[in-house]
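> In this note's numbering, the protein residues as written are 424 to 832.
Note that CB positions come from ideal geometry on N, CA and C, so glycine has one too.
Since the model is a prediction, treat every value here as computed from it, not as a measurement.
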Amino acid sequence: MSDERPSDKKPKIKASDLEGLKDLRAIAKLLERLHKVGTARDKAQNRDLHMDQYCLLVLMWLYNPILSSMRGLQEASNLKEVQKRLGVGRASLGSLSESVSVFDPEPLAALAEELGQKLPDRTPVNFSAIDKRITAVDGSVFKVLSQIAKLAWIPIGDGKHRCGYRLHTQFEVFRRTPSRVDLTPANPKGPSDERVVLEKTLESERCYLLDRGYEKYALWNAIHAKESQYVCRIRDNPTFEVLENRPLSEQAAKENILCDQIVRFGGEQTNQPPNHTTRVVMVKINPLDSRKRKDAISAPSSDGILRIVTNNLDIPAEIVAALYLLRWTIELYFRMIKQLLGCRHLLSHKPNGVTIQIYLAIIACIMIMSITGKSPTKRTFEMISFYLAGWATREELEEHIKKLPDQAA
Numbered sequence: 424m425s426d427e428r429p430s431d432k433k434p435k436i437k438a439s440d441l442e443g444l445k446d447l448r449a450i451a452k453l454l455e456r457l458h459k460v461g462t463a464r465d466k467a468q469n470r471d472l473h474m475d476q477y478c479l480l481v482l483m484w485l486y487n488p489i490l491s492s493m494r495g496l497q498e499a500s501n502l503k504e505v506q507k508r509l510g511v512g513r514a515s516l517g518s519l520s521e522s523v524s525v526f527d528p529e530p531l532a533a534l535a536e537e538l539g540q541k542l543p544d545r546t547p548v549n550f551s552a553i554d555k556r557i558t559a560v561d562g563s564v565f566k567v568l569s570q571i572a573k574l575a576w577i578p579i580g581d582g583k584h585r586c587g588y589r590l591h592t593q594f595e596v597f598r599r600t601p602s603r604v605d606l607t608p609a610n611p612k613g614p615s616d617e618r619v620v621l622e623k624t625l626e627s628e629r630c631y632l633l634d635r636g637y638e639k640y641a642l643w644n645a646i647h648a649k650e651s652q653y654v655c656r657i658r659d660n661p662t663f664e665v666l667e668n669r670p671l672s673e674q675a676a677k678e679n680i681l682c683d684q685i686v687r688f689g690g691e692q693t694n695q696p697p698n699h700t701t702r703v704v705m706v707k708i709n710p711l712d713s714r715k716r717k718d719a720i721s722a723p724s725s726d727g728i729l730r731i732v733t734n735n736l737d738i739p740a741e742i743v744a745a746l747y748l749l750r751w752t753i754e755l756y757f758r759m760i761k762q763l764l765g766c767r768h769l770l771s772h773k774p775n776g777v778t779i780q781i782y783l784a785i786i787a788c789i790m791i792m793s794i795t796g797k798s799p800t801k802r803t804f805e806m807i808s809f810y811l812a813g814w815a816t817r818e819e820l821e822e823h824i825k826k827l828p829d830q831a832a
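(1) Using only alpha-carbon positions, find the residue among Tyr640, Asp737 and Ser518 that is nearest to Asn469.
(2) Can you tell me whether Glu595 is buried or exposed? The criterion is at least 16 other CB atoms within 10 Å of its CB, across all chains shown.
(3) Entirely within the segment 589 to 675 and at least 3 residues each: give me those beta strand (DSSP E) ranges in chain order.
(4) Cβ atoms of Asn660 and His699: under 8 Å apart, would you say?
(5) Residues in its own chain within less than 8 Å of His823 by CB, not counting five upstream and five downstream?
(6) Using a Cβ-Cβ cutoff of less than 8 Å, which residues in the same chain neighbour Thr546 once the five nearest sequence positions on both sides are dropped?
(7) Could you spell out the range, first to last residue, of the alpha helix (DSSP H) harbouring Val525?
(8) Tell me which same chain residues have a C-beta within less than 7 Å of the C-beta of Ala641, skipping the five on either side of it?
(9) Output yes or no for whether 8 Å exceeds the beta carbon distance between Met474 and Leu457.
(10) Please report how far the alpha carbon of Gly539 lies from the alpha carbon of Thr600, in whole angstroms.
(11) Give the single residue among Leu746, Asn668 and Thr592 whose Cα lies nearest to the Cα of Cys630.
(12) Answer yes or no: do Tyr782 and Val604 have a C-beta to C-beta separation smaller than 8 Å?
(13) With a cut-off of 8 Å on the beta carbons, I'd call Gly636 and Leu590 a contact; round off their distance for me.
(14) Counting only the same chain and skipping the five closest in sequence on each side, list residues whose C-beta sits under 8 Å from that of Ser425.
(15) Per DSSP, which one or two residues make a beta bridge with Thr803?
(16) Decide if Val548 is buried, meaning its Cβ has at least 16 other Cβ atoms within 10 Å, or exposed.
(17) For Ser672, collect the residues of the same chain with a Cβ closer than 8 Å to its Cβ; drop the 5 residues on either side in sequence, then sort them by chain order.
(18) Is the separation between the beta-carbon of Ala559 and that of Leu606 shorter than 8 Å?
(19) Across the segment 478 to 494 and the segment 511 to 531, are there enough close Cβ pairs to call them in contact, namely three or more that are closer than 8 Å?
(20) Starting from Lys858 and walking both ways along the alpha helix (DSSP H), at which residues does that stretch end?
(21) Quick check on the burial criterion: 16 or more other C-beta atoms within 10 angstroms. Buried or exposed for Thr624?
(22) Give the straight-line distance between the Cα atoms of Arg658 and Lys639, rounded to the nearest whole angstrom.
(23) For Thr701, report the span of its beta strand (DSSP E) as first-last.
(24) Given that a residue counts as buried once 16 or more other Cβ atoms are within 10 Å of its Cβ, and exposed if not, what is Pro697?
(25) Report, in whole angstroms, the separation of the C-beta atoms of Leu542 and Ile791, which I expect to be a contact under 8 Å.
(26) Below 8 Å CB to CB, which residues in the same chain sit around Gly613 once its five sequence neighbours on both sides are set aside?
(27) Whose CA, out of Asn709, Phe809, Glu498 and Gln652, lies closest to the CA of Leu736?
(28) Please list the terminal residues of the continuous alpha helix (DSSP H) segment that includes Val481.
(29) Pull up the distance between the alpha-carbon of Leu496 and that of Ser602, whole angstroms please.
(30) Could you spell out the range, first to last residue, of the alpha helix (DSSP H) harbouring Ile742?
(31) DSSP three-state call for Thr833: helix, strand or coil?
(32) Look up Val511 in the DSSP assignment and say whether it is helix, strand or coil.
(33) Are Arg758 and Val732 touching if we call contact CB-CB under 8 Å?
(34) Since Cys682 sits in a beta bridge, which residues does DSSP pair it with?
(35) Which whole-angstrom value describes the C-beta separation of Val523 and Lys773, a residue pair presumed to lie in contact below a C-beta threshold of 8 Å?
Written out as structure tokens, the structure is:
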């Protein structure tokens, strides 16, 4: 047996490795509005790489398993076929790196939101009484390599640390796409606190689905003042006075609803209690003792009762419980963003670069849902990647799409 090791040197990228570029070119029209972003100071008009061109290159990277780094992306931009199909010129490593400091991600965010709004709203009949846009809210830490860390450090035990960004995402549940993403350092303190970020970005006519990390009276008041609603899990030992016990329906009892109460939160030491009527619905669940968990990441303990507070006084208790459970759809979306669309690896570690990549990943998700009209899976992303690389035919891709399950109606 030979002891010779395979060479670490990667083969040069060829145009034949990047087939299917015409399909990416089809979205160039959507990105044209970004062409002048970052050119305000370019009086001499010397800029070689514009934002729409940078975005096309990143989308090519997201969908193509051949490309694994910024250097690979730069090398691909030298290919005449890439330049012809995407309408881009040769991009140097310096211009790719410098671009993320110049390009403002907000216009791209607006484009992603606009595209997301074009997806059909598949709100099930049992949630039709909610006359607000049902929006799950969460923050997910997106880890980056420690050697390039420039943001807050988070201890994880044994003297080790991790660093990264926190994505504060507002996710429209029945359109299955984010309406807003805000990027902060991962350390959840000060302006990076999830509650602070949400309060600054509240909108009217939404129903926010929140986990217990968002338990804050001032935040609830701010949501109510915006004429929006909230459905928020609260801790196991809340302080409130029961003002009214509401009757439970037969359906609520079947779904393990223990009680439905109108309450007054806070005690004598509370500075800013809720300034509106609040309702608590309690649901029986399996208890959890985090101290007995064997995995590395522990979840908060639970006494076996799920306590949910809302300012919606009109819907049945079982719908309140069902609304909170919808919050988990955002966890599935984060998994798709991180695992399916290349976001386990960052092309840039600058805040603007990360934000641009995340929004392009969101646009890629929207593209998949628009093309297929179905709930995409990991296999879907792989098949699209194979197709764009020239390893799968259009017929094979279409056959895969036909087999996908319909989105929940």
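Well, looking at it:
(1) Ser518
(2) buried
(3) 600 to 608, 629 to 633, 652 to 656 and 663 to 669
(4) no
(5) Arg802, Thr803 and Met806
(6) Ile553, Ile557 and Phe597
(7) Leu516 to Val525
(8) Gln695
(9) yes
(10) 6 Å
(11) Leu746
(12) yes
(13) With 8 Å as the limit, Gly636 and Leu590 do not qualify as a contact, their Cβ atoms being about 14 Å apart.
(14) Low per-residue confidence applies at Ser425: pLDDT is 41, beneath 50, and the placement is therefore not dependable, though the value from the model is reported in the following sentence. For Ser425, where only same-chain residues beyond five positions count, there are no Cβ hits under 8 Å.
(15) In the DSSP output, where bridge partners are listed per residue, Thr803 has none listed.
(16) exposed
(17) Pro739, Ala740 and Glu741
(18) no
(19) yes
(20) The first residue shown for the chain is 424 and the last is 832, placing residue 858 beyond what the model contains.
(21) exposed
(22) 11 Å
(23) Thr701 to Lys707
(24) buried
(25) Actually they are not in contact, since the Cβ atoms of Leu542 and Ile791 sit about 11 Å apart, beyond 8 Å.
(26) Val619
(27) Gln652
(28) Met474 to Tyr486
(29) 29 Å
(30) Ala740 to Leu748
(31) Shown here, the chain extends from 424 to 832; a query on residue 833 therefore has no answer.
(32) coil
(33) no
(34) Met705
(35) 5 Å
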